[in-house]
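Going by the numbering used here, the letters in the sequence shown line up with residues 138 to 538, in that order. Heads up, the beta-carbon is just placed ideally off N, CA and C, and yes, glycines get one too.
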Amino acid sequence: MKILVLNSGSSSVKYKFFDLEGNSDKVLAEGGAEKIGLPGGFLKFKRADGSKETIDLGQTDHLGAIKAILNVLTDPKEGCIKSYDEIDAVGHRLVHGGDKFSQSVIIDEAVKEKMRECYDIAPLHNPANMIGIEAITAIMPDVPQVGVFDTAFHQTMPPKAYMYALPYKYYTEDGVRRYGFHGTSHRYVSQRVCEFLGVDINKQRIITCHIGNGASMAAVVGGKCIDTSMGLTPVEGLMMGTRVGDIDPGALTYIMNKHKLSADQLQTIINKESGVLGVSGVSSDMREIEAAVAAGNERARLALDMYELRITKYIGAYAAEMNGVDIIVFTGGVGENQMGLRDDVCATLGFMGVEIDKEVNARTRSVEAVISTAASPVKVCVIPTDEELMIARDTMALAAR
138 MKILVLNSGS SSVKYKFFDL EGNSDKVLAE GGAEKIGLPG GFLKFKRADG
188 SKETIDLGQT DHLGAIKAIL NVLTDPKEGC IKSYDEIDAV GHRLVHGGDK
238 FSQSVIIDEA VKEKMRECYD IAPLHNPANM IGIEAITAIM PDVPQVGVFD
288 TAFHQTMPPK AYMYALPYKY YTEDGVRRYG FHGTSHRYVS QRVCEFLGVD
338 INKQRIITCH IGNGASMAAV VGGKCIDTSM GLTPVEGLMM GTRVGDIDPG
388 ALTYIMNKHK LSADQLQTII NKESGVLGVS GVSSDMREIE AAVAAGNERA
438 RLALDMYELR ITKYIGAYAA EMNGVDIIVF TGGVGENQMG LRDDVCATLG
488 FMGVEIDKEV NARTRSVEAV ISTAASPVKV CVIPTDEELM IARDTMALAA
538 R
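Laid out in structure tokens, this is it:
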């Protein structure tokens, strides 16, 4: 079955095209359109031989961008299929399903309506996701579409983990609670690490660390999430590239009042100007932070120390919450590639018996590996995430029914 996976953002559409034949998970094409709705929009894609090409799109909308993606897929020279008819289904990465979706679903009008009900709590993401759905509906009205929600995996959390200590009416009337994000990644790596290690996921206590420019962690018991670091929005939890993470709400109201900021201005600060960028003044990119640390930049050093400490604190909290931990997984752009960060974090976990093989860790980048020693009672692994593959598999399973 040939599955097109789309991730529609406010100004971009990323795609990956799979052929899921038998036990094969073959990627036929991938790329993405950027600067949608802005002058200078373009589509970048990868050829079968690994080379890359860029096409100028001008100032197009999402419909035009998705048409351009489909034109490349069916292009006689650059494409991998002859016509749209070879696309069996389309899977969409959808950010916020609230508490309305605990699993992936075939998209119909009822699902769209429930997605619209989540617009208030995901104003940047859900409307953009919907545009992608409607574009496919306009171009290929008969192809099955499946929605895979970032929040779905976390809907197994118990109330004691997802509730905030606010007046209860804000939960019942406004849906204010912890939802969590990166759920498709947490689901994929928690399943894949057990396959990789040859252990039964139903008997494992796992901490998944999705560490990238956006970052979150999850406590997974028996394959089900019992807690996660992100909350109502993707701002809570770990310190991130530009997001503030955990902070005293009183500090925010203090800053608002002192500087006479609007809610929108505060949102910009906590989402786009904080985190590693805000503390270091250098960059939100951890590679540039590590370079600055090596050059003796003290603020970059402080930002890195804070970043690593927040990860350590969540690992400790989740180990206590699960009454122990069997596996710790690092994934995401930083988790998969920054061996120094993994080393620093795990060096603080000796009280749990964690022991890292420094040589293995030093040569592990974006590959599946066990980086703990044979003597370590807690297995520490690197598992590159593949959210698109997870979406494609869910799409195939639902569309084939």
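Per DSSP, cross-strand counterpart(s) of Lys183: Glu167, Lys189
Buried versus exposed, by CB contacts within 10 Å (16 or more), Tyr451: buried
From Asp337, Lys409, Ile244, Glu223, residue whose alpha carbon lies closest to that of Lys139: Glu223
When Lys340, Ala298, Met367 are compared against Asp287, the one with the closest alpha-carbon: Met367
Beta-carbon separation (whole angstroms), Pro278 vs Ala226, contact threshold 8 Å: No, Pro278 and Ala226 are not in contact; Cβ-Cβ is about 13 Å, not under 8 Å.
Per DSSP, cross-strand counterpart(s) of Asp406: For the record, residue 406 in the displayed sequence is Ile; it is not Asp. For Ile406, which the question treats as bridged, DSSP gives no partner whatsoever.
His233, DSSP secondary structure in three states: coil
Cβ pair count under 8 Å reaching 3, the region 225-239 against the region 527-536: yes
Pick from Val164, Cys483, Gly201 that is closest to Gly174, judged by C-alpha positions: Gly201
Gln475 (DSSP reduced to helix, strand or coil): coil
Gly415 versus Ser421 - alpha carbon distance: 8 Å
Beta bridge counterpart(s) of Arg342 as assigned by DSSP: Val358
Touch test, the region 169-184 against the region 147-161, Cβ-Cβ under 8 Å, three pairs minimum: yes
Neighbourhood of His199 by C-beta, 7 Å cutoff - its chain only, sequence neighbours within 5 removed: Ser145, Val150, Ile173, Ile268, Gly269, Ala272
Per-residue burial, Ser417 [other beta carbons within 10 Å of its own, 16 or more giving buried]: buried
Segment contact flag, the region 349-360 with the region 427-436, C-beta cutoff 8 Å, min 3 pairs: no
Sequence-distant residues of the same chain with beta carbon closer than 6 Å to Ile348, five excluded per side: Gly469, Val471, Gly472
Run of the alpha helix (DSSP H) containing Ser327, from where it starts to where it stops: 320-334
Option in Asp186, Val462, Gly477 with minimal Cα separation from Asp442: Gly477
Euclidean distance between Cα positions of Leu303 and Thr370: 16 Å
Span separating the alpha-carbon of Arg438 from that of Leu375: 17 Å
6 Å CB neighbourhood of Arg253 in its chain, flanking five on each side removed: none
Alpha helix (DSSP H) segment containing Ser417, residue limits: 412-417
Distance between Ala205 and Ala166 (C-alpha atoms, nearest Å): 14 Å
Bridge partners - Asp531, DSSP secondary structure assignment: In DSSP, Asp531 forms no bridge with anything.
Residue burial classification, Lys516 (beta-carbon count within 10 angstroms, cutoff 16): buried
Residue range of the unbroken beta strand (DSSP E) whose run includes Val381: It is not in any beta strand (DSSP E) - Val381 carries neither H nor E in the DSSP assignment.
Val326 burial status per 10 Å Cβ neighbour count (16 or more: buried): buried
Three-pair Cβ contact test at 8 Å for the region 389-396 versus the region 331-342: no
Segment limits, alpha helix (DSSP H) that includes Glu310: 306-311
DSSP-derived helix/strand/coil call for Glu492: coil
Option nearest Gly317 by Cα separation, candidates Gln328, Tyr256, Ile363, Glu310: Ile363
Cut-off 8 Å between Cβ atoms - residues of its own chain near Phe179, not counting five sequence neighbours on either side: Ala170, Glu171, Lys172, Thr191, Ile192, Asp193, Leu194
Proximity to Tyr444 [Cα-Cα], best of Tyr305, Gly351, Pro386, Ala536: Gly351
DSSP state of Ala302 mapped onto helix, strand, coil: coil
Rounded distance between the beta-carbons of Ala259 and Val283, thought under 8 Å: Wrong, their Cβ atoms sit about 19 Å apart, outside the cutoff.
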